[in-house]
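A short worksheet on the structure shown next.
Protein chains in written order, with the numbering used here: chain A, 239 to 494; chain B, 325 to 511.
See below:
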């Protein structure tokens with residue numbers, strides 16, 4: 239099959255008969271970092287489907303992909319729409335909007351994200367009855383605060399309680415954000431403890447969080463962790479790009 | 325523990341079982357099995373060549389990794405195929421590593437080396453950063469350790485220069501290509 243050209247992808251997103259073509263198009267524009275002048279307006283237009291009642295599940299999928307693409311395209315024309323979607327009543331929409339705003343490093347979003355977490359472990363961090371979800375998408379919100387990078391007292395105080403959450407992946411996200419914001423090695427050490435967790439899922443999460451935080455001291459622990467080499471390489475990429483340390487490249491070479 | 329015991333036997337007949345272990349989506353166990361397979365040495369290459377699991381890319385990545393580590397020239401066809409056709413970046417990455425290190429059969433030197441170099445050049449155009457990273461590693465490795473036909477060597481250097489330039493999106497790939505050029509005294 240021939241790969242699609244950018245103009246075909248743009249037309250696929252513009253039409254509304256075939257949501258699966260739109261779904262792929264929204265993903266493609268983000269993945270390829272499209273600079274096409276119609277990309278941002280068309281992605282924004284897909285979000286309207288979230289306000290329909292009832293919401294069409296296929297069009298909701300397109301909108302979620304569009305939100306992810308906006309995070310990759312980092313265009314300020316999407317700031318307002320993404321900020322609005324932090325208050326969506328749809329958990330996944332809040333989650334993806336937070337992730338995208340974090341990737342974009344949006345300072346304007348910090349306060350709204352903090353307020354979603356402000357109710358702490360018994361509010362935002364409480365489990366929703368009979369689902370695996372928490373009240374708020376805490377992992378995405380915590381990671382976004384770390385990526386945005388404002389390290390004022392209010393932000394740190396909001397994040398800290400989540401380092402004691404009963405779910406290890408939430409602790410990991412909180413430690414990652416605190417490590418990014420403060421550089422204090424105590425959070426890195428708590429993350430490296432999670433690399434020894436009996437569940438592979440937790441080890442993988444902690445490994446990627448150490449990489450995202452770019453903490454060079456973690457390199458030997460990452461190297462030794464019982465995790466797939468492909469994830470170790472992703473984590474080490476983060477550290478190599480953060481530190482510019484050539485020894486990290488040698489460790490990566492050995493894992494190829 | 326059972327996997328460790330199986331590895332400790334050092335018996336090539338355990339290879340088939342160890343390959344099955346690679347498919348369990350358990351990185352701790354797969355890591356042990358991979359080391360065990362590598363220690364069994366080149367006797368197990370024929371077993372590996374017939375044991376790629378079409379439905380499990382995690383398992384394929386581990387098998388290609390073992391094959392790459394053994395550096396046996398009989399693996400060339402499979403590594404080439406994996407790089408060209410596998411949908412999983414981790415498999416293409418391990419295959420690229422294999423092409424960088426594969427021991428060349430002296431009687432077929434020119435032809436096999438040519439195929440390894442063509443594979444590495446192709447990997448330099450891959451969509452995934454980690455495969456391009458492995459290409460930068462591999463091109464350095466081959467240019468440093470073997471005498472390569474000059475026209476291919478020129479293409480290899482041009483590829484490294486491209487991976488070191490702004491045309492490359494991933495900063496870590498640029499860093500690695502710059503390092504390769506430095507080590508080859510080309511910068």
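Each residue gets a CB set at the ideal place from its N, CA and C atoms; glycine is no exception.
*asked:* Please tell me whether residue 489 of chain A has its Cβ less than 7 Å away from any Cβ of chain B.
replied: Judged by the 7 Å Cβ criterion, residue 489 of chain A is not in contact with chain B.
*Among B:497, B:360 and B:337, which one has its Cα closest to the Cα of residue 327 of chain B?*
The residue from B:497, B:360 and B:337 with its alpha-carbon nearest to that of residue 327 of chain B is B:360.
*Kindly list, in the order they appear in chain B, the residues whose Cβ is closer than 8 Å to that of residue 468 of chain A.*
Against residue 468 of chain A, the close residues of chain B are 385, 413, 414, 417 and 454, in the order they occur along the chain (beta-carbon pairs closer than 8 Å).
*Among residues of its own chain, excluding the 5 on either side of residue 338 of chain B, which ones have a beta-carbon nearer than 8 Å to its beta-carbon?*
By the criterion of a C-beta distance shorter than 8 Å, residue 338 of chain B is surrounded in its chain by 330, 331, 360 and 364, once the five residues flanking it on both sides are discounted.
*If we count the other Cβ atoms within 10 Å of its Cβ and call it buried at 16 or more, is residue 408 of chain A buried or exposed?*
A residue is called buried once 16 or more other Cβ atoms fall within 10 Å of its Cβ, and residue 408 of chain A is buried on that count.
*Residues of the segment 338 to 364 of chain B with Cβ closer than 7 Å to any Cβ of chain A, in chain order*: Residues of the segment 338 to 364 of chain B that bring their beta carbon within less than 7 Å of a beta carbon in chain A comprise 350, 351, 352 and 355, in sequence order.
*For the putative contact between residue 405 of chain A and residue 381 of chain A, defined by C-beta atoms under 8 Å, what is the C-beta separation to the nearest angstrom?*
Actually they are not in contact, since the Cβ atoms of residue 405 of chain A and residue 381 of chain A sit about 14 Å apart, beyond 8 Å.
*asked:* I'd like to know if residue 480 of chain B contacts chain A, where contact means its C-beta is closer than 7 Å to some C-beta of that chain.
replied: It does not; no Cβ of chain A falls within 7 Å.
*When you check each C-beta in the segment 468 to 497 of chain B against every C-beta of chain A, which residues fall closer than 7 Å?*
Contact residues of the segment 468 to 497 of chain B toward chain A are 495 and 496 (C-beta to C-beta distance below 7 Å).
*If you draw a straight line from the alpha carbon of residue 371 of chain A to that of residue 483 of chain B, how long is it in whole angstroms?*
Rounded to whole angstroms, residue 371 of chain A and residue 483 of chain B show a C-alpha spacing of 47 Å.
*Environment of residue 419 of chain A [buried if 16+ CB atoms lie within 10 Å]*: Looking at its Cβ environment, which holds 16 or more other Cβ atoms inside 10 Å, residue 419 of chain A is buried.
*chain B contacts made by the segment 448 to 467 of chain A, where a contact means CB separation under 9 Å*: Listed in sequence order: 463, 464, 465, 466 and 467.
*Since residue 503 of chain B meets chain A, which of its residues come closer than 9 Å, beta carbon to beta carbon?*
Those are 484 and 487, listed as they occur along chain A.
*Quick one, which of A:437, A:276, A:493 and A:436 has its alpha-carbon nearest residue 251 of chain A's?*
Checking every option, the nearest Cα to that of residue 251 of chain A belongs to A:276.
*Tell me, which residues are paired with residue 427 of chain A by DSSP?*
Its beta-bridge partners do not exist; DSSP assigns none.
*Any chain A beta carbon closer than 7 Å to residue 458 of chain B*: So, interface residue.
*Return the chain-ordered ranges of every alpha helix (DSSP H) run that is complete within the segment 421 to 509 of chain B and spans a minimum of 4 residues.*
List check, alpha helix (DSSP H) in window: 433 to 447, 453 to 469, 474 to 487 and 495 to 507.
*4-residue-minimum alpha helix (DSSP H) runs that sit fully inside the segment 270 to 322 of chain A, ordered along the chain*: Those alpha helix (DSSP H) runs which fall completely within the segment 270 to 322 of chain A and span 4+ residues are 277 to 284 and 295 to 311.
*Please name the residues in the segment 413 to 438 of chain A whose beta-carbon is closer than 7 Å to at least one beta-carbon of chain B, in chain order.*
Result list: 438.
*What is the DSSP secondary structure of residue 381 of chain A, reduced to helix, strand or coil?*
Residue 381 of chain A carries a helical assignment under DSSP once its states are collapsed to helix, strand and coil.
_Here's the rule: buried if 16 or more other CB atoms are within 10 angstroms of the residue's CB, otherwise exposed. What is residue 405 of chain B?_
So residue 405 of chain B counts as exposed.
_Neighbourhood of residue 329 of chain A by C-beta distance below 7 Å, restricted to the same chain and skipping five residues each side_ = Counting only Cβ-Cβ distances below 7 Å, and skipping sequence neighbours, we find 371 and 375.
_Interface positions of the segment 287 to 320 of chain A facing chain B (Cβ-Cβ less than 8 Å), listed along the chain_ = Here the close residues number zero.
*Using alpha carbons as the reference points, say which of B:457, B:385 and B:377 lies closest to residue 501 of chain B.*
Of the residues B:457, B:385 and B:377, the one whose Cα lies closest to the Cα of residue 501 of chain B is B:457.
*asked:* Please tell me whether residue 349 of chain B and residue 382 of chain B are closer than 7 Å, where the distance is taken between their beta carbons.
replied: Taking 7 Å as the Cβ cut-off, residue 349 of chain B and residue 382 of chain B qualify as a contacting pair.
*Straight-line CA distance for residue 273 of chain A to residue 350 of chain A?*
If I take the Cα positions, the gap works out to 29 Å.
*When DSSP labels each residue in this structure, what does residue 407 of chain A get in the three-state scheme?*
Residue 407 of chain A falls in the helix class under three-state DSSP.
*Sorted by chain position, which residues of the same chain lie with C-beta nearer than 6 Å to residue 375 of chain B's C-beta, five sequence neighbours on each side aside?*
Residues 343 of the same chain have their beta carbon placed closer than 6 Å to that of residue 375 of chain B, with the five preceding and five following residues left out of the count.
*Give me the Cα-Cα distance between residue 396 of chain B and residue 432 of chain B, rounded to the nearest whole angstrom.*
Taken atom to atom, the span from the alpha-carbon of residue 396 of chain B to that of residue 432 of chain B is near 13 Å.
*What is the rounded straight-line gap between the Cα of residue 259 of chain A and the Cα of residue 265 of chain A?*
Taking the straight line from one Cα to the other gives about 10 Å.
_Residue nearest to residue 442 of chain B in terms of C-alpha spacing, selected from B:459, B:418, B:409 and B:390_ = With distances taken between Cα atoms, residue 442 of chain B lies closest to B:459.
*residue 241 of chain A versus B:392, B:451 and B:366, residue with shortest Cα-Cα distance*: The shortest C-alpha separation from residue 241 of chain A is found at B:451.
*asked:* Pop quiz: residue 469 of chain A and residue 442 of chain A are said to be a contact at Cβ under 8 Å. What is the actual Cβ separation, rounded to whole angstroms?
replied: Contact holds; Cβ gap of about 6 Å.
*Count the C-beta pairs between the segment 450 to 461 of chain A and the segment 478 to 490 of chain A that are closer than 8 Å, then say yes if the count reaches three, no if not.*
At 8 Å Cβ cutoff, the stretches touch.
*If you drop the 5 nearest sequence neighbours on each side, which residues of the same chain put their C-beta closer than 8 Å to that of residue 472 of chain B?*
Answer for residue 472 of chain B: 437, 441, 466 and 480, listed in chain order.
*asked:* Measuring alpha carbon to alpha carbon, tell me which residue in A:307, A:365 and A:492 is nearest residue 279 of chain A.
replied: Closest in alpha carbon position to residue 279 of chain A, among A:307, A:365 and A:492, is A:307.
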